[in-house]
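Asker: To convert, count from 1 in the sequence shown and add 16; that's this note's numbering. Glycine included, each C-beta is placed from N, C-alpha and C at the ideal position.
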Amino acid sequence: MTKKELRHHYLQQRKDLSKKQHQQLSRQITERVFQLILPDYQWIHVFLPLARQAEVALEPLITSLWECNKKIVVPKLTSHGEMTHHLWTQTTPWQKNNWGIIEPLASQEIRPDQIDLVIVPLLAVDQNGQRVGYGKGYYDRFLSQCSEQVHAMGVGFFPVVEVISDCEVTDIALDSYITPIHAYFFKG
């Protein structure tokens with residue numbers, strides 16, 4: 017299937033989840049991610065989910081990581097459409113941006129090469145670790161700026177698909193993908 021077809025299909029699948037299903041599946045994913053990432057990673061980039069897109073709710077994971085003294089980094093979109101990365105603590109002031117995404121108001125900017133693990137939002141993943149996002153390329157550009165050792169981990173509700181038919185050379189594959197039931201590993 018093409019990215020466009022997968023994007024449409026899985027966005028609808030996510031939106032069709034009941035609130036209870038969404039909460040339960042998100043909890044299972046966050047528990048699985050938490051088990052897999054300790055103690056290997058210190059600087060963890062986490063997306064702050066878009067509720068209207070029914071993304072995986074990662075707030076409980078963030079709280080657990082803070083309790084383990086992990087450094088949480090979150091994205092922020094600039095007025096020029098670029099993504100910057102900021103330290104997120106329990107006391108960081110925040111606001112919702114134009115898309116309804118929570119962003120830090122004032123916090124330390126973190127260089128991409130400082131980050132050990134990036135938890136990547138997505139709609140679908142194929143058996144090679146190629147992902148379908150929202151089509152803007154933010155995370156592909158961001159991952160290309162990270163160190164070669166960074167671990168790119170996708171999280172989602174659904175199993176991998178066989179193949180995404182229209183991947184491009186600028187698409188960066190994931191190292192792993194975590195669902196409520198499975199952990200898929202693609203590299204190394």
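1. Where does residue 146 land, buried or exposed, given buried means 16+ other C-beta within 10 angstroms?
2. Alpha carbon to alpha carbon, how far is residue 144 from residue 79?
3. Spell out the partners DSSP gives residue 48 in its beta bridges.
4. If we count Cβ pairs, one from each stretch, closer than 8 Å, do we get three or more for the segment 50 to 62 versus the segment 107 to 121?
5. Identify, in the order they occur along the chain, each residue of the same chain with its Cβ nearer than 7 Å to the Cβ of residue 121, setting aside the five sequence neighbours on each side.
6. Of the residues 166, 152, 70, 106, which one's Cα is nearest the Cα of residue 40?
7. Skipping 5 residues on each side, what residues in its chain have a beta carbon closer than 7 Å to that of residue 44?
8. Can you say whether residue 170 is buried or exposed, counting buried as having 16 or more other CB atoms within 10 angstroms of its CB?
9. Looking at chain B, is there any beta carbon in it that lies within less than 8 Å of the beta carbon of residue 31?
10. Report the option in 203, 74, 153 whose CA atom is closest to the CA atom of residue 46.
11. What does the alpha-carbon distance come out to for the pair residue 150 and residue 179?
Answerer: With the structure as the only source:
1. Sequence index remark: in the sequence shown, residue 146 carries index 130 (1-based). Buried: at least 16 other Cβ atoms inside 10 Å.
2. Translated into the one-based positions of the sequence shown, residue 144 becomes position 128. Translated into the one-based positions of the sequence shown, residue 79 becomes position 63. Approximately 31 Å, taken between the alpha carbons.
3. Locating residue 48 in the sequence shown gives position 32, where the first residue counts as 1. DSSP, once it has assigned bridges, lists no residue as partnering residue 48.
4. no
5. For the purposes of this step, residue 121 is identified with residue 105 of the sequence shown, where counting begins at 1. Here the set comprises 109, 110, 111.
6. Stepping through the sequence shown from its first residue, residue 40 is reached at position 24. Selected option, being the one with the closest Cα: 70.
7. Counting from one through the sequence shown, the residue named residue 44 turns up at place 28. Only 196 meet the Cβ criterion.
8. As a working mapping, residue 170 is identified with position 154 in the sequence shown. With 16 or more Cβ atoms within 10 Å of its Cβ, residue 170 is classed as buried.
9. Chain labels in this structure do not include chain B; a single protein chain is all it has.
10. As a working mapping, residue 46 is identified with position 30 in the sequence shown. It is 74 whose Cα lies nearest to the Cα of residue 46.
11. Here residue 150 refers to the residue found at position 134 of the sequence shown. Here residue 179 refers to the residue found at position 163 of the sequence shown. Residue 150 and residue 179: Cα-Cα distance of roughly 17 Å.
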